[in-house]
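The structure appears right after this line, and notes come after that.
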Amino acid sequence: MVGNLDLYFPECNHIENDLIEINMISAKLRVAAWPKEQNRTNNPYNYILYKSMSASTEVYEFDRRSMRISNENILHVHWPDKLVGDRRRWRMIWRCWKLHRAIKKLHKKGGKVVWTVHNLKPHTLRHPELANKLFEKFIDLVDGFIFLSSESRQLFFSAHREAEKKPHAVTPHLHYAEYYRLRVDQNISRNSIGIAEGQTVLLMFGKISEHKGLRHLIDAKQRCKLDNVRIIVAGGAASDSVTKADLGDARADPSFVVRASHVETEQVAAYFEMTDGVILPYTAILNSGTAVLALSLNRPVIAPDMGSFRSLSNEFGSDWVHLYAPPLDAEKLSAACQWLQNRQGKGALCQAESLKSCDPAVVAKQTEDFYRLLLKNSGH
């Protein structure tokens, strides 16, 4: 731990001195970000991160088609798993080869590759054996890893032991408090979607897919006596048959309100505003931007005891994050709803120290420091 940044650099005992030195350096960093803001509509994480960086860091959108590197000295990758989730084997190989070529060019100039590990692996693999081989080759080319929780780091290195020898850092997942604001002119409200006054409302928000656990939530709700609890399911949906069937069952249940389509940025805060808590019944997860979004908007979170949810519980406390042993069932859902009614932390989180540590400016500064340390400790 150096300052507020959890760092590891092999065979380096002078990181604190290096940090002092690099903070006095005015030379510009040139970062090719993949993505920088192309994903802003679905997830503004990258947009917020790079917008919060200092004037000494220039960030460009890495073209995922041409995969060309010009004068950048950092390639920052976020979701490389998208490369190996393609239906076509030849296109997987071709795109991975192009990325490999771009990285080799970057390395030849003394540049570095950074990967923020949002996911351990793709949620869906059509050619798993080939995908795993290509993914391992990518990991070999990465110079430094950024993790969004200590649990993420532990899980990743359990699966990739050799990578543990490389430089890495743990930074918080930045918050969204300044990005999503409630627009008073939005007509999304409990009354507008048929929810009666006095009912407890849970929100399951984000893209709906099999690993998000909608089936467990439906079964748990139908098997417990929670007549006064309504559940809103909001977000775009995957096209697989399992997800379609689960959405059909949710629509058939009068206790569910289903909005299975993309939620516009201007409407996001309104969905959280009308809910008492956010439930995320995932069956597999590493990091959850939705959980951080909920806390950013002062909404408590109900989630399984897995992945980065543990870090969030430790950081924000049991009044804001309720963990259950997965999978979700009727008894655990009832206990979570009871917790929601009894919890004491009903004030605002906006001034809490735990949320301040997730401030985008803080996370951006930590990321820039990691870039510079990587470049300095390689002799470039």
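Numbering (this note's numbering), first residue to last: 38 to 417. Ideal Cβ placement from N, Cα and C applies to all residues, glycine included. Predicted model, so just to flag it, every value in this text is computed and none were measured.
- Membership of A271 in the beta strand (DSSP E) is indicated by the continuous run 266 to 271.
- Cβ-Cβ distances below 8 Å link K174 to C133, H137 in the same chain, with the five nearest sequence neighbours on each side left out; the list follows chain order.
- Assigned with DSSP and collapsed to three states, E215 falls in coil, not helix or strand.
- Under the 10 Å beta carbon count, R252 is surrounded by 16 or more other beta carbons and is classified as buried.
- Burial of N414 is indicated by the presence of at least 16 other C-beta atoms within 10 angstroms of its C-beta.
- Ranked by how close their Cα comes to the Cα of G354, the residues R380, L365, A362 have R380 in first place.
- Check the Cα spacing between S189 and each of I255, R409, F99, P209: the tightest is with P209.
- Looking at M343, E352, W376, the one whose alpha-carbon comes closest to that of H359 is W376.
- By the neighbour-count criterion, in which 16 or more other beta carbons inside 10 Å mark a residue as buried, L211 falls on the buried side.
- Put simply, the backbone Cα of T280 is about 11 Å away from that of G273.
- Residue environment for Q236: exposed (fewer than 16 other C-beta atoms within 10 angstroms of its C-beta).
- In the displayed model, R296 falls within a strand according to three-state DSSP.
- Nearest in C-alpha terms to A401, of all of R267, S278, Y87, is Y87.
- Taking a C-beta distance under 9 Å as the contact criterion, E98 and K135 do not qualify as a contact pair.
- The three-state secondary structure of W71, taken from DSSP, is strand.
- Between F172 and P117, the gap from beta carbon to beta carbon is short of 9 Å.
- By the criterion of a C-beta distance shorter than 7 Å, V300 is surrounded in its chain by A271, G272, Y308, once the five residues flanking it on both sides are discounted.
- Within the same chain, G326 come within 8 Å of N80 by CB-CB distance, once the 5 residues on both sides are set aside.
- In the same chain as K142, and ignoring 5 residues on each side of it, the C-beta atoms closer than 6 Å to its own belong to I106, in chain order.
- For E310, the CB contacts under 8 Å within the same chain, skipping 5 residues up- and downstream, are L219, L334 in chain order.
- Here DSSP, grouped into helix, strand and coil, assigns Y82 to helix.
- Taking the C-beta atoms as reference points, C374 is found nearer than 9 Å to L263.
- Runs of beta strand (DSSP E) with 3 or more residues, each lying fully within the segment 299 to 338, are found at 314 to 316, listed in chain order.
- For F99, no beta strand (DSSP E) segment is defined, and its DSSP state is neither H nor E.
- Here the C-alpha atom of L392 lies approximately 12 Å from the C-alpha atom of A331.
- If you look at D283, you'll find it in the alpha helix (DSSP H) that goes 278 to 289.
- When rounded, the separation of the alpha-carbon atoms in I232 and Y319 is 25 Å.
- Cβ-Cβ distances below 7 Å link Y216 to P81, I85 in the same chain, with the five nearest sequence neighbours on each side left out; the list follows chain order.
- Assignment of beta-bridge partners to A206 by DSSP yields L44, I183.
- Counting only residues of its own chain and dropping the five nearest sequence neighbours on each side, E201 has a CB closer than 7 Å to the CB of F194.
- A Cβ-Cβ separation of about 7 Å places S246 in contact with H160 under the 8 Å criterion.
- The alpha-carbon separation between M241 and A92 amounts to approximately 38 Å.
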